[in-house]
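Residue numbers (UniProt numbering), protein chains in the order written: chain R, 1 to 266; chain C, 1 to 318; chain F, 1 to 270.
Glycine included, C-beta positions come from ideal geometry on N, C-alpha and C.
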Amino acid sequence: MARVQAALIAAGFRRHATYRQATFAGAFTNTVFGFLRCYILLSVAAAAGGAMAGYSGPQLVSYVWLGQGLLAVVNSWTMLDLAERVRTGDVVADLLRPVDPLWTYLWTDIGRAGFALLTRFVAPLVVGALAFDFYVPQSFLAYPLFILSTLLAIVVCFACRYLIGLTAFWLLDIRGVTMFWVFVSGAASGLYFPLAVLPDWLSTTLWVATPFPSLLQAPLDIAVERGGTGQALLVCLSQAVWGVLLFLACRWAQSRAVRKLVVQGG
Amino acid sequence: MIISARGLRKDFTVTRKVGRLRRERHVVSAVDGVDLTVERGELLGYIGPNGAGKSTTLKMLTGVLTPSGGEVRVCGLEPVAKRTTLARRIGVVFGQRSQLWWDLPLEDSFSLLRHIYRVPEGDHAARLKQCSDLLGLDEFRHTPVRQLSLGQRMRGELTAALLHGPEVLFLDEPTIGLDVLSKQAVRSFLTDLDRRGDTTVVLTTHDLADIEKLCRRLVVIDHGHVVHDGTLDELHARYRSRRIIVADLDTPWPEGLTLPGAVVTSVEADARRVTLTLDGAAAGEVVAALAQAVSLRDLSVQEPNIEDVVSRLYRDES
Amino acid sequence: MAEILETTRVYGRVLRAQVRSQAQYRTSMLLEILGSMVVNGLDIATVFVLFSVTGALGGFNGTEVLLMTALAAAGFTVGDLVAGSSDRLREYVRSGLFDSLLVRPLSALVQLAVITFALRRVGRAAQGLVLYVVALCVADIPWTVGRVLFAVIVPISGAVFFASLFIGGATVAFWWIESGEVANAFTYGGRDFTSYPSTMYGGWFRDLFTLGLGFGFVAYFPGLVLLGKPDPLGLPTAVAWCSPLVAVIAACVAAVFWRIGVRHYRSTGS
Chain R
1 MARVQAALIA AGFRRHATYR QATFAGAFTN TVFGFLRCYI LLSVAAAAGG AMAGYSGPQL
61 VSYVWLGQGL LAVVNSWTML DLAERVRTGD VVADLLRPVD PLWTYLWTDI GRAGFALLTR
121 FVAPLVVGAL AFDFYVPQSF LAYPLFILST LLAIVVCFAC RYLIGLTAFW LLDIRGVTMF
181 WVFVSGAASG LYFPLAVLPD WLSTTLWVAT PFPSLLQAPL DIAVERGGTG QALLVCLSQA
241 VWGVLLFLAC RWAQSRAVRK LVVQGG
Chain C
1 MIISARGLRK DFTVTRKVGR LRRERHVVSA VDGVDLTVER GELLGYIGPN GAGKSTTLKM
61 LTGVLTPSGG EVRVCGLEPV AKRTTLARRI GVVFGQRSQL WWDLPLEDSF SLLRHIYRVP
121 EGDHAARLKQ CSDLLGLDEF RHTPVRQLSL GQRMRGELTA ALLHGPEVLF LDEPTIGLDV
181 LSKQAVRSFL TDLDRRGDTT VVLTTHDLAD IEKLCRRLVV IDHGHVVHDG TLDELHARYR
241 SRRIIVADLD TPWPEGLTLP GAVVTSVEAD ARRVTLTLDG AAAGEVVAAL AQAVSLRDLS
301 VQEPNIEDVV SRLYRDES
Chain F
1 MAEILETTRV YGRVLRAQVR SQAQYRTSML LEILGSMVVN GLDIATVFVL FSVTGALGGF
61 NGTEVLLMTA LAAAGFTVGD LVAGSSDRLR EYVRSGLFDS LLVRPLSALV QLAVITFALR
121 RVGRAAQGLV LYVVALCVAD IPWTVGRVLF AVIVPISGAV FFASLFIGGA TVAFWWIESG
181 EVANAFTYGG RDFTSYPSTM YGGWFRDLFT LGLGFGFVAY FPGLVLLGKP DPLGLPTAVA
241 WCSPLVAVIA ACVAAVFWRI GVRHYRSTGS
């Protein structure tokens, strides 16, 4: 079993390693947006007396550039090819295999994320570090917690996209769903601005009732040490809970989809 | 002279992976010095193996691709520089690339094309009627293009390419993938077009039956060079293609019998069917000799096979 | 003149055919129009979330920021309506379908814009223009004849500027098929850049985007002209009036780039 997983991860990694132009283009775009968002947030913070919603200048710099890098790692804006396979009917082949496609897609996506981590995460970070001063975590614990939280973010984001892919069984055309997801997963995950900028009731609702903060805000807050180690652990825990809930939702939706497939014969 | 090309060349740069990370750049000449002249009213077959440069030549003649070297004139115009002017005077059917509007009924595509090419209403109606009669469009004129079969769509494409009364019609693989009936419809339509003589047709094809039925003149291209330019008969003569006699006999073929000017290539069916390949002698002489030697029940003389000739031609070149 | 009119009429017919094809999927179309309007609205809301922190952005007050954001929105959404789908050129180049545009007696570029025209962008463009009118009404503008004219021309030149960017970005596909995202840095990145006053940015990045690439001429400089304010960054007022000129230059550069690209077209895929 471990060998199958390793093979799937390697396949996901290799597949994305062949898209050189796209990797370069993506890293370039993330970098340009990094400059843009970094200057905007710094300007707001400067006008507010050096800090914004409790984030200092260097914290905002780290926040923006790590966010630009992580965006490609969690990959919230690119849909899994699951939806396309549902539309064409190829998904039947996936469902007939002895391995649950949920796991197949997960391992492949983790391979993809690994490649993105080496390329699209690193590139904007290096450029950002050359142009701005980053926040350096005080506690050594912040590093392993950031890695853990990033892994959980990858898994949560994967489950969200898998769930969206599954909606294709009922909707056929998921462009509308995708459009909303792309915007909401950007704004509500803290890509454009830290959620703490929002009114309290709104940011609290987002944290408690939606998985979006788990995608970016969670690992980013840990990297800039917002709250102590205790709060970081709490954040990771909430990500893990969202991960489990979403996986259960995926399993449930998938079994409904299979039943629909069996009843209607595709 | 409606088409002329001198030393026409198209180079492509290709990158090839060498090892893990390195890539090498090569320049490949898809078309390498093609000379070609076509007179008004001709029907020219432009053939060659895959990747020989057929489509590339056609795309340079129609202004789609910019030549890397040489000179081209179509209708007296330089295709790329005068692309839109030339477009009004030529018609193009590129096998797999539709000219039609996918989601709209065939008829809507036709009427849009009328406006695009600014064809007077009367001319349009007359040409449409003519094509429609010959190609049998009436049954699917109101069907959206996406629902047409390949054969129906190709008939639509042909019509679309002719509605503005082009001087030259370029056809890239017009029969590829079609069923037998559609192929016949397309061929007889082209024969008719050729007979009327006011449209010059340049046709690339893989289908050798197209060539035998349609083309008086053949240009064969291989590796970007023209390797033959002439009639089908000249092609046969050049490659010494030979006619074949197949004879059914009342009595078994006597073993070891030879006839002057012919070679026995096979003896089948309990030695009652023999195949002879003519080798220098005229068919009549061999048949006469045959009738004296054995008792004939039936006999047929088969023309040389174009497939055979062309495949031999490709082999010679490579 | 009659020639131009006739040509326009032909493009109009092709455009209408395109709309007719899309209108066959009515529900999905309506949903997309509404959806993109909501997303566009939220995009603008993002600016005001940051505005809410101190009640100002880059030294400008609410109505001033709104004017600049609205100028950016109007320019971008209209430019997007005209040429936003031209990045689908990639598909046409990859499949070789671009051939069929080249064998028609029409401009390949206009044909591309027309056949990739997406009706769903209409809602957003209307929204952008309405927002601009609102912003003009609430902003404190010392109206003169010059400013009235300028207020009319500026969203158009912004649209031309963004359309040129979309086309320039799409043209890259003639060389590199997979690198469409580079263009996003300047189209969508440009929209985000122009939604905020240029004073918020710093260093070479500000100079490059505001002046070097001309983004300052979409919303920031025109905003200053309309408000009658001098440039806090110290550029002479005459420069700020140059938006239409910059748009023309952008269009020319995009057109030249397109021409070179078409010559470079390789027509693979058959």
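Check	Outcome
Starting from the C-beta of F/Ala219, find all residues in its chain whose C-beta is less than 6 angstroms away, skip the five residues before and the five after it, and write them out in chain order.	Met68, Leu71, Ala72, Thr194
Does the distance from the CB of F/Phe84 to the CB of F/Arg121 come in under 8 angstroms?	This sequence places Gly at residue 84 of chain F; Phe is not what is there. Yes, Cβ-Cβ distance for F/Gly84 and F/Arg121 is below 8 angstroms.
Hey, is the region 160-179 of chain R in contact with the region 189-199 of chain R, meaning 3+ C-beta pairs nearer than 8 angstroms?	no
Is the beta carbon of R/Gly34 sitting closer than 8 angstroms to the one on R/Trp65?	yes
Assign C/Lys129 to one of two classes, buried (16 or more other C-beta atoms within 10 Å of its C-beta) or exposed (fewer than that).	exposed
Does chain A have any CB closer than 8 angstroms to the CB of F/Trp176?	Reference to chain A is not applicable here, since the protein chains of this structure are R, C and F.
Using DSSP with H/G/I as helix, E/B as strand and the rest coil, what is residue 275 of chain R?	In the structure as shown, chain R starts at 1 and stops at 266, and residue 275 of chain R therefore has no counterpart that could be examined.
Are the CB atoms of R/Phe121 and R/Leu70 nearer to each other than 8 angstroms?	yes
Quickly, what does DSSP pair C/His26 with across the bridge? List them, please.	C/Val14
Exposed or buried, R/Arg251, counting other C-beta atoms within 10 Å across all chains shown (16 or more means buried)?	exposed
Leaving aside the five residues before and after F/Val82 along the sequence, list all residues of the same chain whose C-beta is less than 7 angstroms from its C-beta, in chain order.	Ala113, Ala159, Ala163
With C-beta atoms as the reference, is F/Ile167 less than 8 angstroms away from F/Ser86?	yes
Could you give the first and the last residue of the continuous alpha helix (DSSP H) run that contains C/Gln99?	Note, C/Gln99: premise wrong, no alpha helix (DSSP H); not H, not E.
Taking 8 angstroms as the CB-CB limit, is R/Ala153 close to chain F?	no
Helix, strand or coil for C/Ser4 per DSSP?	strand
Answer yes if the region 216-227 of chain C comes into contact with the region 59-69 of chain C, meaning at least three C-beta pairs across the two stretches below 8 angstroms, and no otherwise.	no
My assumption, with CB atoms under 8 angstroms, is that residue 320 of chain C sits in contact with C/Gly95. Please give the rounded CB distance.	Absent from the model: residue 320 of chain C. The displayed extent of chain C is 1 to 318, so no value can be given.
Between which two residues does the beta strand (DSSP E) holding C/Glu39 run?	Looking at the DSSP string, C/Glu39 is not in any beta strand (DSSP E), and its letter there is neither H nor E.
Given 7 angstroms as the limit, tell me if C/Val202 has its C-beta closer than that to any heavy atom belonging to the ligand ZN.	For the structure depicted, the ligand ZN is absent and the ligand set is empty, with no information on it obtainable.
Beta-carbon within less than 7 angstroms of F/Arg206's beta-carbon, same chain only, minus the 5 sequence neighbours each way: which residues are those?	Ser198
Using the Cβ count rule (16 or more neighbours within 10 Å means buried), how would you classify R/Ile154?	buried
With which residues is C/Leu218 paired in a DSSP beta bridge?	C/Gly45, C/Gly230
With a cut-off of 8 angstroms on the beta carbons, I'd call C/Thr204 and C/Leu100 a contact; round off their distance for me.	Not a contact, Cβ separation roughly 21 angstroms.
Going by DSSP in three states, residue 329 of chain C sits in which element: helix, strand or coil?	Since the displayed chain C opens at 1 and closes at 318, residue 329 of chain C lies outside it and no answer follows.
R/Tyr39 versus chain F: which residues are under 7 angstroms apart at the beta carbon?	Met200, Tyr201, Gly202, Phe205
Under 7 angstroms between beta-carbons, which chain C residues line up against F/Leu97? List them in chain order, please.	Arg97
Going straight from the alpha carbon of R/Met52 to that of R/Leu36, what length do you get?	17 angstroms
Three or more C-beta pairs closer than 8 angstroms, one from the region 136-156 of chain C and one from the region 190-198 of chain C: is that the case here?	no
So, for C/Ser318: in the same chain, excluding its five sequence neighbours on each side, which residues have a beta-carbon less than 8 angstroms away from its beta-carbon?	Low per-residue confidence applies at C/Ser318: pLDDT is 45, beneath 50, and the placement is therefore not dependable, though the value from the model is reported in the following sentence. Closer than 8 angstroms at the Cβ level, and outside the excluded window around C/Ser318, lie Asp222, His223.
Tell me where the alpha helix (DSSP H) around F/Ala247 begins and ends.	243-263
Along the beta strand (DSSP E) that carries C/Val80, what are the first and last residues, could you check?	It is not in any beta strand (DSSP E) - C/Val80 carries neither H nor E in the DSSP assignment.
Please report whether the beta-carbon of R/Gly54 lies at a distance below 8 angstroms from any beta-carbon of chain F.	no
Give the residues of chain F in contact with C/Phe12, contact being defined as C-beta atoms less than 7 angstroms apart.	Arg266
Check for me: the alpha helix (DSSP H) holding residue 329 of chain R runs from which residue to which?	Look at the range of chain R in this structure, 1 to 266, and you will see that residue 329 of chain R is not part of it.
May I ask you to list the residues that DSSP assigns as paired with C/Val246?	C/Thr275, C/Ser300
Since F/Ala17 meets chain C, which of its residues come closer than 7 angstroms, beta carbon to beta carbon?	Trp101, Leu104, Asp108, Leu112
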